[in-house]
Amino acid sequence: MPKHFFFDLDNTLTPSKALIEAAHVPVLKKLGERADITVVSGHGENDIRKHLTLALEGLYHILGQNGNVAQTKDGRVLWKRPLSQAQKDAARTFIEKAQKHLNYTIRDENDIVEDRGSQIAFSLIGHHENQVKKDAFDPDQAKRRKLLSDLVQEVETLKAANMEIRIAGTTNLDLIELGKNKGYNVPAFIEAMDWKKEDCIYIGDALFPGGNDETVIGILPVKAVKNYKETYLYLEHLLRS
Ligand SMILES: [Mg+2]
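Residue numbering for the sequence shown is 839 to 1079, as defined by my numbering.
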């Protein structure tokens, strides 16, 4: 049994951008009695807390915005790396080009971009679009992969502005500082906590090429899950042994 568990949030611990299912709260509580839990998400810190509900408050460490904000479970902020205005401007320029290229009809134009401080989150159809629509939008990431390959030049321009872009959640692209992805921030946190990498495990639904969990591969043991239901099946199995 690993001593330190790292979990992605969307589709790994919770349905995308939604509250944890009530039946799963006791599973995490039980795990928290036996191991450390760290949640590594593109979401901001407040959304992570909200989605995991008050019932689990204080049980887990937070690596918000792909780990660019690190907060221990007792509330200590270890680091916070905000994007510069120039980086945010580059992200906006990319998103405008992407939207023109996609030419989708969007329900709420103000729901496309979320500036989380250390990350710009770009939802292709809207962060708060109907959940069923979101789940059906791009389950195999093909639409977002195609967009990134169609806009290969713009992705290079982003890199020149010290930014990188990754597929996340159901309809999202995460824009963060170049290199400051989960594969950078998770080992930095392991070091800060004085843990051993071989005592850790990372569980995520986006360990595929281009996914926002992919960068942790090779750094610590990983377990890929199709969805959050698979995560809890795995945890229940571990906790039985
Ligand atoms: Mg995910």
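All C-beta atoms, glycine included, are put in the ideal place defined by N, C-alpha and C.
Values in this document were obtained by computation on a predicted structure and should not be read as measured data.
Proximal residues to residue 862 (C-beta, below 6 angstroms), its chain only, five neighbours per side dropped = Locating residue 862 in the sequence shown gives position 24, where the first residue counts as 1. Correct list, in chain order: 1070.
How about residue 849: is its Cβ closer than 7 angstroms to a heavy atom in ligand 1?
-> Mapped onto the sequence shown, residue 849 falls at position 11. Yes, Cβ of residue 849 sits closer than 7 angstroms to a heavy atom of ligand 1.
Enclosing alpha helix (DSSP H) for residue 931 [first to last residue] = Locating residue 931 in the sequence shown gives position 93, where the first residue counts as 1. Residues 923-940.
Name the two residues that bound the continuous beta strand (DSSP E) containing residue 908.
-> Walking along the sequence shown from the start, residue 908 turns up at place 70. Unbroken beta strand (DSSP E) run through residue 908: 907-909.
Put residue 1075 into one of helix, strand or coil per three-state DSSP.
-> Here the question's residue 1075 lines up with position 237 in the sequence shown. Correct three-state label for residue 1075: helix.
Check the C-beta distance from residue 899 over to residue 888 and give it rounded, since I have them as a contact under 8 angstroms.
-> Counting from 1 along the sequence shown, the entry for residue 899 is found at position 61. Counting from 1 along the sequence shown, the entry for residue 888 is found at position 50. With a Cβ gap of about 17 angstroms, residue 899 and residue 888 do not count as contacting.
Rounded C-alpha distance that separates residue 956 from residue 1048 = In the sequence shown, counting from the first residue as 1, residue 956 sits at position 118. In the sequence shown, counting from the first residue as 1, residue 1048 sits at position 210. If you take the alpha carbons of residue 956 and residue 1048, they lie about 20 angstroms apart.
Going by CA-CA distance only, name the one from 848, 1028, 983 that's closest to residue 940.
-> In the sequence shown, the residue the question calls residue 940 occupies position 102. Out of 848, 1028, 983, 983 has the C-alpha closest to the C-alpha of residue 940.
Residue 858 (DSSP reduced to helix, strand or coil) = The residue given as residue 858 occupies position 20 in the sequence shown. Reduced to three states, the DSSP call for residue 858 is coil.
Leaving out five residues on either side along the sequence, give the residues of the same chain with a beta carbon under 6 angstroms from the beta carbon of residue 1033.
-> Position 195 of the sequence shown, counting from 1, holds the residue named residue 1033. Within the same chain, residue 1033 has close Cβ partners 842.
Relative to the C-alpha of residue 947, which residue among 965, 935, 932, 958 is closest?
-> Within the sequence shown, numbered from 1, the residue matching residue 947 stands at position 109. Measuring from the Cα of residue 947, the nearest candidate turns out to be 965.
Below 6 angstroms CB to CB, which residues in the same chain sit around residue 972 once its five sequence neighbours on both sides are set aside?
-> Position 134 of the sequence shown holds residue 972. Here the set comprises 1008, 1009.
Residues of its chain near residue 1023, where Cβ-Cβ distance is below 8 angstroms and the 5 sequence neighbours each way are ignored = Numbered from its first residue, the sequence shown carries residue 1023 at position 185. The residues are 878, 901, 904, 905, 906, 908.
From residue 988 to residue 1065, what distance separates their C-alpha atoms?
-> Counted from its first residue, the sequence shown places residue 988 at position 150. Counted from its first residue, the sequence shown places residue 1065 at position 227. Cα-Cα distance, rounded: 28 angstroms.
Cβ-based neighbour list, residue 883, same chain, cut-off 7 angstroms, excluding 5 preceding and 5 following = Looking up residue 883 in the sequence shown gives position 45. 900, 902, 907, 909.
Can you tell me where the alpha helix (DSSP H) with residue 1022 in it begins and where it stops?
-> What you label residue 1022 is simply residue 184 of the sequence shown in a count that begins at 1. That run of the alpha helix (DSSP H) goes 1020-1030.
Answer with buried or exposed for residue 1036, where buried requires no fewer than 16 other C-beta atoms within 10 angstroms of its C-beta.
-> Taking the first residue of the sequence shown as 1, we reach residue 1036 at position 198. Exposed.
Give the straight-line distance between the Cα atoms of residue 1026 and residue 844, rounded to the nearest whole angstrom.
-> By 1-based counting over the sequence shown, the position of residue 1026 is 188. By 1-based counting over the sequence shown, the position of residue 844 is 6. Cα to Cα, residue 1026 sits roughly 13 angstroms from residue 844.
Give, in chain order, every unbroken run of the beta strand (DSSP E) that is at least 3 residues long and sits entirely within the region 869-905.
-> You should have 874-878, 899-902.
Sequence-distant residues of the same chain with beta carbon closer than 7 angstroms to residue 1021, five excluded per side = Looking up residue 1021 in the sequence shown gives position 183. A distance below 7 angstroms between beta-carbons, with the five flanking residues on each side excluded, links residue 1021 to the following residues of its chain, in chain order: 1053, 1054, 1057.
Looking only at C-alpha atoms, which of 929, 994, 892 sits nearest to residue 867?
-> What you label residue 867 is simply residue 29 of the sequence shown in a count that begins at 1. Cα-wise, what sits closest to residue 867 is 892.
8 angstroms Cβ cutoff met for residue 1039 and residue 1063 | For the purposes of this step, residue 1039 is taken as the residue at position 201 of the sequence shown. For the purposes of this step, residue 1063 is taken as the residue at position 225 of the sequence shown. No. Outside cutoff.
Do residue 1006 and residue 980 have their C-beta atoms within less than 8 angstroms of each other?
-> Within the sequence shown, numbered from 1, the residue matching residue 1006 stands at position 168. Within the sequence shown, numbered from 1, the residue matching residue 980 stands at position 142. Not a contact, by the Cβ cut-off of 8 angstroms.
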